[in-house]
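Below is one structure, written out as structure tokens; the observations come after it.
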Amino acid sequence: MTRSSSILWILAVLIPIIGIIHLFSGVSDIDWNTFVKSLVNFDQTETAEVIIREIRLPRVITAIVAGASLSLAGLLMQTLFQNPLAGPYVLGINSGASLFVAITTLTGVTFFTTQYGLAINALLGAFVFGVLILFFSRFARNHITLLLTGVMIGSFTSAFIAILQQMSHMQDLKRFTLWGLGSLQKVQLNETPLLIATVLLGTILSLLMTRSLNILVLGAEEAEQHGIRVRRLKYQMIGITALLTGIVTAFCGPIAFVGLAVPNIVRILLKTQEHKKLIIGSILGGALFLLVSDLFIIKIEKLVLIPINAITSIVGAPIVVFILFRKLK
Amino acid sequence: MIRIEHSTIGYSTPLLRIGQLNLEKGNLYVLLGKNGAGKSTFLKTLRGTVRAIDGTLSIDGKNINSIALQDRAKLVSFVSSRPSYTEYMTVEEFVGLGRTPYLNLFAQQKESDQKAIDESIAACGIEKIRSKAIDSVSDGERQLAAVAKALAHDTPYILLDEPTAYLDYSNKRKLMELLITLAQEKNKCILATSHDVELVLKSNCSLLVIEEKEQLLHQVSNTIGLDELIEKVF
Amino acid sequence: MKYILFLSLFVLLSCNTENTSKTAYKSGNQHISTLFDLEEQENKQYLLKIFDPNSGDVEREIKIDGSIPHKVICLSMTSLGMFVALDQREQIIGIPEVKYIYDAEVRNSFDKGHVKSFPDESSIGAETIIESGADIVLYSGFGTDFPNAEKLERLGIQTIPIYDWRENNPLGKAEWIKIIGALCGKSDDANTYFDTVVTEYNTLKQKAETATEKPKILSGNLIGDTWWAPSGESYVAQLIKDAKGEYIYSTTKGTGSISLTMEDILNAPETDYWINPGFETKKDILANTPLANRIPSYNSIYCYSKKMNLFWEKSAIEPQHVLEDLIRIFHPELLKDGNFYFYSKIN
């Protein structure tokens, strides 16, 4: 077994282990029997069953799916822009989702106030901003320029959102503000199939692009020379990124740095540009990253309650700086 | 065979004209010309990324612009003067990317692919560095790896844009000899551009020149004297 | 402005106030608040001392002149209610955004252009204030000092913080009306008003004492992933206690708020009533807290959210009515007649 496949196996084995530890961590002690009973013969008057089935299970699933989705989206962005600093958050794809969500929640258009309306909007926003950054990327001469463009798009969007906030009703504002904090705990059990389907679809579509992604690493010209329709490919990549980012953002709010940090860690660990491995590695790594982060939150919640974005940023931001220094040497 | 008849090459304004030119398999052609004379544009035209202003350009009897992208990828390969590369990639993986047009969507390599890669690496004499990272080898080695990638790409036509530009003298000679050997032994039609008149004259290749004043691209005999060649090109 | 309101929700729950200062009271009959002291020095000239809630030291001293009419920009919503209660609306020239105003007469003056709207204290411009011709600005002071307070002072514009929200005693909160009274030259009215409030409040409190049952009460809601509940020594906890409810977190320390997880809430003792979830409908509650329907008191939720503007304007100066509402919720048998002032059942 090669080094890279052993790493992938380790990640794959760690996820269920950490997942189960996560499932059985919390304020109250819940045993395995209660968990099984809550699945097969749910009694909604039993507090312990409600807690494990309706609080912990969706939270574990959400952590896995959101981590996998965002990290895969980040990998696609990095390959698309040939830039290790790319990611849905830094390039303003999240901002797109936020803006569209803001427009609809804050202006009170009722169609969009359902969870699915929100998802559609976030997806649309993510796609529009993805295309926007794709357009700007033509003029960006280097990694930093593209990154700054993303940051500027983000600031520009925040300004619009601030204006919308000023004009909105308190109730709407409250909902939007809370959404903006980012959370793995807002997803309900009956919504998890949609999230799982999204990440599966994204994974399959990405794996189907393996051949194209491998050569795209060397640039658009090389890819075209080897028979890849690069223009179409790029839109497909933006589409998948928007799907993954949009759905996760709609359900969990913006979650920072996962998409940027994880694929980079995976690439450094696997030491490869082979996208079959990178895709699988990013999915597993992203899932594990959010799972461990969230478990950490649970473990210290008796001392202090911290939001998920605080953890991902504490880990993610230094990685960006590390990559920056490495690249700018 | 690449066949060009009464063609004008350029973007919106003509850069150069070609009367009649046939490029055949088994030969190494070297195109000499000043910087800016239109060498790269000519290569781009052959690669299908720039359209000729007028005239006929065909590869194996098919009009260049009517060949589908995927089909063209199996006809023409290209090596740039500074091949792009990336971190976390071995020389072998880099060469393996040349197999892209023949792989399935999941990029699974078959035995035949691995064989082509091994042969290409052997032909270019880079067995020793095959497991090294592509970003850690020298410029000369990387250029050889790029040629190996084009070989693994396994197309009858290989185009190289100034392949020797960034190499030292001994590597320049080595590469020219390699290209001639490949053309002859593997029966390929190889076209390289250069502005290194001396290097080219010492090699046993077919000469193409772009005459600056007349903006004309044509073939010259390789017995031409150095002075005359310099006169024509510069 | 919305931020301030939103923030004030937090602050209501989270500010820390300690009862450490003990000062004799010279103006008015009863003095309950420990956070300020108001002394009449000569005819309608007052000295207001504001104490630091933690140390009890004097934080600010402000001279108040009640002998002349003022032009007041009132950015503190509760103070606006105090002007209304003392019928001194004519001294107000500036208010927060009109959509948060309850009082019909104030809204009317706004429509006629006698009163103008101002942005919240964090974004209000000094020039706007000077331009308006105001001589006093009342603000809540949730953040730091009022911007450009010193410069305004030199131009003769006084900025006075109304820290009623720091109080954890409902009556102490209401007592801040005395400051508005002094400002308007209506100290006697303010004192009378306050005495009535105290009497009514205590009467209701005694009435609640007669109840036999002591229902268990849940308060607060999820904000993000955290359930913020008032601490055991907070304003809300005091009201619940006076209404003879058993607040499930009454033994927690502090006057601010405690942060809990959703799991904590589900594991908490079974509650009979859930107050102040901060939403108008169960649909909104569920959107914010998907598992809210697993809380035992889900079918007995009460909040002032349908009368938000009224609540902000009046709840501080009518603590007896807040108390009455809570008694009506916890012990409907004690108050057969009458209706809710602020609260309503959330459906």
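Chains as they are written, first to last, in the numbering used here: chain A, 1 to 329; chain B, 1001 to 1234; chain C, 2001 to 2347. All residues carry an ideal CB built from backbone N, CA and C; glycine is no exception.
Query	Result
Neighbouring residues, chain B, relative to residue 78 of chain A (Cβ below 7 Å)	The premise fails here: residue 78 of chain A is roughly 11 Å from chain B at the closest Cβ pair, so nothing lies under 7 Å.
Under 9 Å (Cβ pairs) to chain B, residues found in the region 182-213 of chain A	207, 208, 209, 210, 211, 212 and 213
Proximity winner among B:1211, B:1150 and B:1149, relative to residue 1229 of chain B (alpha-carbon distances)	B:1211
Where the region 296-309 of chain A meets chain C: residues whose CB sits under 8 Å from a CB there	301, 305, 307 and 308
Close beta carbons around residue 96 of chain A, own chain, < 6 Å, minus the five adjacent residues each side	125, 126, 128 and 129
Inter-residue CB distance, residue 178 of chain A and residue 2113 of chain C (contact presumed, cutoff 8 Å)	Rounded, the Cβ-Cβ distance is 37 Å, inconsistent with contact.
Residue-level contact to chain B via CB, residue 217 of chain A, 9 Å cutoff	yes
Ordered list of alpha helix (DSSP H) runs contained in the region 118-144 of chain A, each at least 4 residues	none
Straight-line gap, residue 70 of chain A to residue 240 of chain A (C-alpha atoms, nearest Å)	11 Å
Chain A contact residues for residue 1208 of chain B, given Cβ-Cβ distances below 7 Å	In chain order: nothing, as chain A lies at least about 22 Å away.
Length of the line joining the Cα atoms of residue 2141 of chain C and residue 2161 of chain C	6 Å
Neighbour list for residue 293 of chain A in chain C, Cβ cutoff strictly below 9 Å	By Cβ distance, chain C contributes nothing, its closest Cβ being about 13 Å from residue 293 of chain A, past 9 Å.
Those runs of the alpha helix (DSSP H) which lie wholly inside the region 2024-2105 of chain C and span at least 4 residues	2077-2085
C-beta contact flag for residue 198 of chain A and residue 243 of chain A at 9 Å	yes
Reduced DSSP category for residue 1065 of chain B - H, G, I as helix; E, B as strand; rest coil	helix
CB contact check: residue 28 of chain A to chain C, cutoff 9 Å	yes
Residues within the region 2258-2275 of chain C neighbouring chain A, beta-carbon criterion of under 9 Å	2259, 2260, 2261, 2262, 2263, 2264, 2266 and 2267
Spatial neighbours of residue 1221 of chain B in its chain, beta-carbon cut-off 7 Å, leaving aside the 5 residues before and after	none
Continuous beta strand (DSSP E) stretch holding residue 2321 of chain C: start and end	First-last for residue 2321 of chain C: 2319-2330, but that is the alpha helix (DSSP H), not the beta strand (DSSP E).
Against chain A: residues of the region 2203-2226 of chain C by CB proximity under 9 Å	2222, 2223, 2224, 2225 and 2226
Closest Cα partner of residue 2041 of chain C within the set C:2062, C:2146 and C:2090	C:2062
Identified DSSP bridge partners for residue 2301 of chain C	C:2274
Short-range partners of chain C found in the region 47-67 of chain A, where Cβ spacing is below 7 Å	47, 50, 51, 54 and 55
Buried/exposed call for residue 216 of chain A, threshold 16 Cβ in 10 Å	buried
Distance CB(residue 319 of chain A)-CB(residue 261 of chain A) smaller than 9 Å	yes
Neighbourhood of residue 2139 of chain C by C-beta, 8 Å cutoff - its chain only, sequence neighbours within 5 removed	2075, 2076, 2121, 2146, 2159, 2160, 2161 and 2162
Below-9 Å beta-carbon distance, residue 37 of chain A vs any chain C residue	no
Neighbour flag for residue 2075 of chain C against chain A, beta carbons, 9 Å	no
DSSP state of residue 87 of chain A mapped onto helix, strand, coil	coil
Where residue 8 of chain A meets chain C, residues with beta-carbon distance less than 8 Å	Correct list: empty, because the minimum Cβ distance to chain C is about 31 Å.
Per-residue contacts from residue 288 of chain A into chain C (C-beta, under 9 Å)	Simply none; closest approach about 21 Å.
Cβ separation of residue 252 of chain A and residue 302 of chain A, assumed to be a contact under 8 Å, to the nearest whole Å	That belief does not hold up - the Cβ atoms of residue 252 of chain A and residue 302 of chain A are roughly 24 Å apart, past 8 Å.
One or two residues paired with residue 1007 of chain B in a DSSP bridge	B:1018
Members of the region 1213-1229 of chain B near chain A, C-beta cut-off 9 Å	none
Contact list for the region 221-255 of chain A against chain B, Cβ threshold 9 Å	221, 222, 223, 224, 225, 226, 227, 228 and 229
Under 7 Å by beta carbon: chain B residues contacting residue 272 of chain A	1088
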